[in-house]
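With the working numbering applied, the sequence shown covers 121 to 361.
Cβ coordinates follow ideal geometry from the N, Cα and C atoms, glycine included.
Everything on this sheet refers to the single structure shown next.
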Amino acid sequence: MLHKTRAIVLKVTDYGEASVIVQLFTEKLGVQSYIINGVNKPKAKVSRNMLQPLHLLDLVVYHKSTGSIQRIKEIKVAVILKHIPYDIAKSSITMFLNEILYKAIKQQVPDEQMFDYIFGSIELLDNLDAGIANFHLVFMIGLTRFIGFFPSDVNAVDTAYFDLHNGVFSNTRPESNFYLSPPHTAHFKQLLIYGYNNLAAIVLTNTERRYLLSRLLEYYALHVEGFGNIRSQDVLEEVLS
121 MLHKTRAIVL KVTDYGEASV IVQLFTEKLG VQSYIINGVN KPKAKVSRNM
171 LQPLHLLDLV VYHKSTGSIQ RIKEIKVAVI LKHIPYDIAK SSITMFLNEI
221 LYKAIKQQVP DEQMFDYIFG SIELLDNLDA GIANFHLVFM IGLTRFIGFF
271 PSDVNAVDTA YFDLHNGVFS NTRPESNFYL SPPHTAHFKQ LLIYGYNNLA
321 AIVLTNTERR YLLSRLLEYY ALHVEGFGNI RSQDVLEEVL S
């Protein structure tokens, strides 16, 4: 059966001499794997550049519910990314977020709200002028809304701690070792409340930004099975420092 869908590139793996298996997060079909033949040939119909991490595509695909690897009938660029491929900060953020998404999104069922969030976030990053160094932190917090562990009790007052294990703000220190304490809790809440609308207004030192990133990754590891280490973290922190 044929389906039209938007898609976001997650991973590309070489298959044979000229083909690739590309894993995509699609709007209508969730995470799917597709074989594309001839990509590595000199006069390929599908350019390898179209399949860079988090590139945004429009597809017409064949889909079989019993198949693990699907096929693509038509493929084209949905949104031309004008800045991400040429801006080292934005491209480093994209590589980092790509690794986060590859490990965190595994469902073969559609989630159009999550898809819209990611798709729109990539478009925003491409055009962003200010607050770029905070983008990945805000993105990761926002993504938790769709994968099941968005922080609760956000509007509670005088909350000195954030319990990473239970995902709640609290006035008392959690019993486990997985928590944020002052002043990190306030900075974390600021990221959460300000979001994309006020990225440039979020003032963090490089040290604080690195600390919050390490704890956010810990937060993900506590709630996403098999999350593991993120290899692109060091590169991202070096570029943004």
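Item, Value
"Let me check one thing: in DSSP terms, what residues is Asp-236 bridge-paired to?", "The partner list for Asp-236 (beta bridge, DSSP) is empty, contrary to what the question assumes."
"Where Leu-149 and Asn-297 are concerned, what is the direct C-alpha to C-alpha distance, given to the nearest angstrom?", "39 Å"
"Three Cβ pairs or more, each shorter than 8 Å: is that satisfied between the stretch 303-319 and the stretch 242-253?", "yes"
"Label Tyr-206 either buried or exposed according to how many other C-beta atoms from any shown protein chain fall within 10 Å of its C-beta, with 16 as the threshold for buried.", "exposed"
"Starting from Arg-191, trace the beta strand (DSSP E) both ways and give me its first and last residue.", "189-199"
"Taking a contact to mean a Cβ-Cβ separation below 8 Å, would you say Ala-138 touches Asn-160 in this structure?", "yes"
"CB-CB under 8 Å to Ser-203, same chain, minus the five flanking residues each way: which ones, in chain order?", "In the sequence as presented, Ser is not what sits at residue 203; that position holds His. These residues qualify, in order along the chain: Lys-210, Asp-246, Asn-247."
"Assign Asp-118 to one of three DSSP states: helix, strand, or coil.", "The structure shown has nothing for residue 118, since the chain only spans 121 to 361."
"Please name the residue or residues paired with Gly-315 in a DSSP beta bridge.", "According to DSSP, which records beta bridges pairwise, Gly-315 is partnered with nothing at all."
"Whose C-beta lies closer than 7 Å to the C-beta of Val-266 among residues of the same chain, with five residues either side of it excluded?", "For the record, residue 266 in the displayed sequence is Phe; it is not Val. Only Asp-231, Gln-233, Met-234, Tyr-237 meet the Cβ criterion."
"Compare the beta carbon distance of Val-199 and Leu-176 with 8 Å and say whether it is the shorter of the two.", "yes"
"Only counting the same chain, and skipping five residues up and downstream in sequence, which positions put a Cβ closer than 8 Å to that of Ile-225?", "Leu-130, Phe-145, Val-151, Met-234, Ile-267"
"Going straight from the alpha carbon of Val-288 to that of Phe-259, what length do you get?", "19 Å"
"Around the Cβ of Ser-212, are there at least 16 other Cβ atoms within 10 angstroms (buried) or fewer (exposed)?", "buried"
"If you check the beta carbons only, do Ile-92 and Val-229 fall under 8 Å apart?", "As shown, the chain starts at 121 and ends at 361. That puts residue 92 outside it, with no answer to give."
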